[in-house]
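Step one of this worksheet: look at the structure below.
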Amino acid sequence: MLDFLFGKRKTPQEILRQNLRALNKAQRELDRERTKMEAQEKKLIADIKKSAKAGQINACKVMAKDLVRTRKYIQKFYKMKTSLQGVSLRIQTMSSNQQMATAMRGATSAM
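Take the sequence shown: its letters are residues 191 to 301, numbered as in the numbering used here.
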């Protein structure tokens, strides 16, 4: 009756699928950001070498600090992606357990 106001209720499978898609999207975004950071790291290393050859020690120190910060962020991106993968795996495991329980329930009622 009030479906037109609030929209259709989603089934648990639809909600599960939607959440898994959101997790996968977040993982892809983290990968994109991490690859950008890795490219920035390589650029920083080249800039540090160029500045060192030119004898600009102060510039090298600043860029070296930025390089350390960039590497820490890359490690954080790896950790975040790993934790998202763990959550996704737990959700999939729970879903498969639910499907197995439903199948067992159907098999016992058939007996």
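Idealized CB from N, CA, C, for every residue including glycine.
On a CA-only basis, which of P202, R218, M294, I205 is nearest Q275? Give me that one, please. R218
May I have the straight-line CA-CA distance separating N248 from Q230, to the nearest angstrom? 20 Å
Check Q246 in the structure and name its three-state DSSP category. coil
Just the C-alpha distance for S285 and V258, rounded to the nearest angstrom, thanks. 41 Å
Excluding the 5 residues preceding and the 5 following T260 in the sequence, name in chain order all residues of the same chain whose CB lies nearer than 8 Å to its CB. M227, Q230, E231, L234
For E223, which option in V277, Q246, Y263 has the closest C-alpha, if you only look at C-alpha atoms? Y263
Three-state secondary structure (DSSP) of R199: coil
Just to confirm, are S278 and N214 a CB contact at a threshold of 9 Å? yes
Return yes when the Cβ of I281 is within less than 9 Å of the Cβ of L220, no when it is not. no
Sequence-distant residues of the same chain with beta carbon closer than 8 Å to L206, five excluded per side: I281, S285
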